[in-house]
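J.:
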Amino acid sequence: MARWKERFGNLGISTDSLQVCIKSLGTFALKNQELQSVIDESLKSMKSFFMWIYVVILKLGEEPVPSNMKQHLNAEELKLVVHFLKKRLAKSAAGSSQSFNLELVGQYLVDEDLKIVEEKQPSFWERLLQEAELDSNAIPWLFSPSPVKSLLQLLNSLVRDVAAAFATTKETICQTFTPKPSVPLLPSTTGDSEVSKIDSKIGELVCEGKRCVYYPSARDLFLVVYGDETQQMRCCRACVRGVPGLADQEKSGTEPLNLLSVQVYNGETLSVLLEYRSSERDDVMFNAVAQLPVKPVLNLANEAFGELALEGYECHDVGRFLTQIHSLGPFHAVSMAVSGPRRLAAVFSRRTKKVRLFDVDAEEEEEEEEEEG
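Last residue of the sequence shown: 416 in my numbering, with the numbers rising by one and none dropped.
Below, the structure written as structure tokens:
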């Protein structure tokens, strides 16, 4: 990938830095195998030593030795016993013999050089390099062991090499992207409490391949369209100034109706919960639920203008597009939930003392209503 600049050059990685990572990973893997071999060899030699000492005790006591132990103590096992005794009787740098502990294993797990380094016979590949007079460090695809480094030291070195190899990847990738126009949904003076309330109202839907973000405010419904074939961001500010066929609404038609809730019914329709002033009594607020097709609203969307806030766009009256209107009367509604597959809507009153359920697609006179106290 690093050498294929035409396709993966945007990742910002180089072959030299990746080669360093690969060598660090190989050295770490070799050290891990070394630690595993130390553990296995210690366990085997310890087991052989205790079996041998048990047989010696039985012979000194003139007790019969089990046949399986006699067979087990072959030349290979005795070699492990000699190795174990040699390790235990060896003098350390301080002049005392090594005690029976996990010092040999534990030194691999600290961030410092190994204190006890065993002399090992060179492997086949090491002998081959010596005979060919080749330097393993000069060959990029050969992993050279690090005899005096601990496992933790090599792990830290591997982490640093990987971080250095991908240090510029983020900046390089960011340079290949061109940001699209942004549309601020909120005024710059919006407080944290207002942001949390508004954030809970923002939703997303897909209509005819166009991705839309909708955001209802007190009286306006904002739609931001993106992801279509033009790759442009378009905005629409909509409101409802009147609902056709709603007999009890005020006839002034000047002030927009309140939008209490907007929910996605399906990919082509939004369900809206409206609040309006009664034509008979000015002090009574009525509620209604209606379906708003998204497609005709999207046709009203205009191209986004830089950092222009949504309040700066022209407001379009979409009341003429509303369908399946259900009047709730003075229900004191506060929120709504809908289910498109079940064709159901639930409207909740203040403090959820009342819940009204009905079939969204049914005619108003055929509605089934249910109230719960």
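Built from N, CA and C at the ideal position, the CB exists for glycine as well.
If residue 287 sits next to residue 311, beta carbons under 8 Å apart, how far is it from one beta carbon to the other, in whole angstroms?
T.: Actually they do not touch by this definition, with Cβ atoms about 20 Å apart.
J.: To the nearest angstrom, report how far apart residue 109 and residue 86 are at their CA atoms.
T.: Distance between the alpha carbons of residue 109 and residue 86 is about 22 Å.
J.: What is the rounded straight-line gap between the Cα of residue 103 and the Cα of residue 84?
T.: Each residue's alpha carbon lies about 28 Å from the other.
J.: Exposed or buried, what is residue 117 when buried is set at 16 or more other beta-carbons lying within 10 Å of its beta-carbon?
T.: Exposed is the call here.
J.: If you reduce the DSSP assignment to three classes, tell me which class residue 285 lands in.
T.: Here residue 285 sits in coil by DSSP.
J.: Taking residue 114 as the reference, give the member of 95, 128, 127 and 394 with the closest Cα.
T.: Comparing Cα-Cα distances from residue 114 to each of 95, 128, 127 and 394, the minimum goes to 95.
J.: Under the DSSP definition of a beta bridge, which residues are partnered with residue 119?
T.: DSSP lists no partner for residue 119.
J.: Check the C-beta distance from residue 150 over to residue 163 and give it rounded, since I have them as a contact under 8 Å.
T.: In fact, because the Cβ distance is near 16 Å, the residues do not count as touching under 8 Å.
J.: Contact defined as beta carbons within less than 8 Å: I believe residue 340 pairs with residue 314. What is the distance between those atoms, to the nearest angstrom?
T.: The pair is not a contact, with the Cβ atoms about 14 Å apart (cut-off 8 Å).
J.: Can you give me the C-alpha to C-alpha distance between residue 305 and residue 322, rounded to a whole angstrom?
T.: Distance between the alpha carbons of residue 305 and residue 322: 24 Å.
J.: Could you check if residue 136 is buried or exposed, using at least 16 other CB atoms within 10 Å of its CB as the buried criterion?
T.: Residue placement at residue 136 is poorly supported in this model, since its pLDDT is 47, which falls under 50; the coordinates are not used for a value here.
J.: Any contact of the stretch 357-365 with the stretch 380-398, i.e. 3+ C-beta pairs under 8 Å?
T.: Taking 8 Å as the limit for Cβ pairs, the verdict is that the stretch 380-398 does not touch the stretch 357-365.
J.: Could you check whether the Cβ of residue 281 sits closer than 9 Å to any Cβ belonging to chain B?
T.: Here chain B cannot be found, since the structure has a single protein chain.
J.: Please report the residue range of the alpha helix (DSSP H) in which residue 429 lies.
T.: Residue 429 lies beyond the residue range present for the chain, which begins at 44 and ends at 416; the question has no answer from this structure.
J.: Could you give the distance in angstroms between the alpha-carbon of residue 388 and the alpha-carbon of residue 269?
T.: Residue 388 and residue 269: Cα-Cα distance of roughly 29 Å.
J.: Please name the residue in 195, 152, 400 and 382 whose C-alpha comes closest to that of residue 374.
T.: Ranking the options by Cα distance to residue 374, first place goes to 400.
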